[in-house]
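Position 211, counted from 1, in the sequence shown is what my numbering calls 238; the numbers after and before it change by one each time, with no gaps.
What follows is one structure encoded as structure tokens, with my remarks underneath.
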Amino acid sequence: MSAHFKARDLAAHQIADLDTQLLRRTLRTTTSPCDTKARVDQRELKAFCSNDYLGLANHPELVFALAEGAKRYGVGSGASHLISGHSVAHDLLEKKLAACESKYIPNTRALFFSTGYLANINAITGLSRLANQGEVSIYSAKLNHASLIDGVRLASSQTKAKVTLFDHQNLDFLKEALKRDAYPLKLIVIDGVFSMDGDIAPVKDLLNLAEQYDALLMVDDAHGFGVLGEHGHGILEQSGVYSERIIYVGTLGKAAGVSGAFICAASPFIEWLIQKGRPYIYSTATSPAIAHTLLTSLELIEGKEGIARRKQLNQLIQIWRDEMTFQSWEKTPSSTPIQPVILGSNASALLAAKLLDEAGYWIPAIRPPTVPVGSSRLRITFSANHSVDDLRELIKTLQVIEQEVKSNL
């Protein structure tokens, strides 16, 4: 190997710089199924950090369905959907997902993806190709997820789309920008539930603007599908909307407990994304066994068990809002299973996470660039498998640790 390897030296230097700024991330390996208790580094920790909101990731019916799917369809799909990888399991799943969202989007079709990242990039870049280059406007919420940000950046590079950022808590700027926009294609892009704050997008107000100024509204409901709405159909159900202007993206690896994601939209948009969505065209299809498993997951979400699990989640959320008090740390006003605690500095968040680990809890510190500088936090998430006693024990522990952090920094 060459004595002078500049790329390696650059990597070492940049990693050291991350260490200096307390921004280096580390992997932790679990040896247990996803649940409210996790086996990590040969210790059992109480996990308040996963996105398994309904507690379905290790549900016995899903475990059985996955094994059944593998026996029926094998393990791999063998090719992309448009070559030979589109199984009847995928087809049935897409029809079921379309049925879920058909009350909120007319003439609905669905398209299944292996990840939410792929679904978002496919939707944004594909839709941006509907108009001629330079005749597309994309309006993206400032706090959108990285997958939405990357999709917008890629679309801008590919189609010369004009990109405008807006504050989802104050839509006056967005309204004025849309009013002045004469482009034939306008796309508003927003998270349904903001993953680091837990607040919910004003979908009804955004749809009114889309209707008024002839725009499409794309909602990434990664943290709402399965959780929000009476039937768990997500933010569209909760908001009571119905429009062919909506492009809906749901995630199946969080509340649904498995993996993958989907786009739901009116049929012409889905057909266009099949024809022009490069991530869809050029990706090997997800294992049909996964699609088969998700059919069972959707039955659980919509049925009596799903209703009971959402009720348990809402009870935990209310207890947290009523009983969790801090002297200097900040809670966010969230009505979802995402309950961040803002500490501010990287050092404070890392120390709090370390003390929680020592107390038997797994709640990692979230730092820039995932969140804005100066807003490092603990991102606490609830699962329907958490008990009220679990939560109240956590509340007591956090109140003690807040004082420990304050006295050590």
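The beta-carbon is built from N, C-alpha and C at its ideal position, and this holds for glycine as well.
- Q302: member of the alpha helix (DSSP H) spanning S294 to K303, first to last residue.
- Spatial neighbours of G251 in its own chain (CB-CB distance under 6 Å, excluding positions within 5 residues in sequence) are listed in chain order as G219, V220, G261 and I262.
- The region 416 to 431 makes contact with the region 381 to 397: 3 or more CB pairs, one atom from each, lie closer than 8 Å.
- A straight-line Cα-Cα distance of about 10 Å links V179 and N149.
- Straight-line measurement puts the Cα of N85 at about 13 Å from the Cα of A94.
- Comparing alpha carbon positions, the residue from S372, L418 and A380 closest to P396 is S372.
- Here the C-alpha atom of F75 lies approximately 10 Å from the C-alpha atom of A65.
- Around the Cβ of H40, a 10 Å sphere holds fewer than 16 other Cβ atoms; the residue is exposed.
- Per the C-alpha coordinates, the member of K433, V432, V398 and T408 positioned closest to H172 is V398.
- Around the CB of S403, 16 or more other CB atoms lie within 10 Å, so the residue is classed as buried.
- Collapsing the DSSP output to three states places S314 in coil.
- Annotated three-state conformation of P87 is helix, per DSSP.
- Only buried fits V268, as 16 or more other CB atoms lie within 10 angstroms of its CB.
- Bounds of any beta strand (DSSP E) do not take in F409, whose DSSP letter is neither H nor E.
- Following the DSSP letters along the chain, one finds I215 inside the beta strand (DSSP E) bounded by residues L212 to D218.
- In terms of Cβ geometry, S104 and T313 form a close pair [threshold 8 Å].
- Residue state for R394 is assigned as coil, using DSSP reduced to three classes.
- Excluding sequence positions up to five before and after L49, its CB lies within less than 8 Å of the CB of N373, A374, L377 and R394, all in the same chain and listed in chain order.
- One Cα belongs to Q239, the other to V246, and the distance between them is close to 18 Å.
- For A39, there is no enclosing beta strand (DSSP E); the residue is part of the alpha helix (DSSP H) that begins and ends at K33 to T47.
- Its Cα nearest to that of F140, the residue G277 stands out among K423, Q339 and G277.
- When the beta-carbon positions are compared, G253 and Y80 come within less than 8 Å of each other.
- DSSP, reduced to helix, strand and coil, places W356 outside both helices and strands of the structure shown, so it counts as coil.
- Fully enclosed alpha helix (DSSP H) runs of no fewer than 4 residues occupy 143 to 155 and 173 to 186 of the region 141 to 190, in order along the chain.
- The Cβ atoms of S167 and L192 lie closer than 8 Å to each other.
- Taken through DSSP and simplified to helix, strand or coil, G112 comes out as helix.
- When C-beta atoms of the region 340 to 351 are compared with those of the region 409 to 419, three or more pairs fall below 8 Å, so the two segments count as touching.
- Shown here, P306 sits in a helix according to DSSP, grouped into three states.
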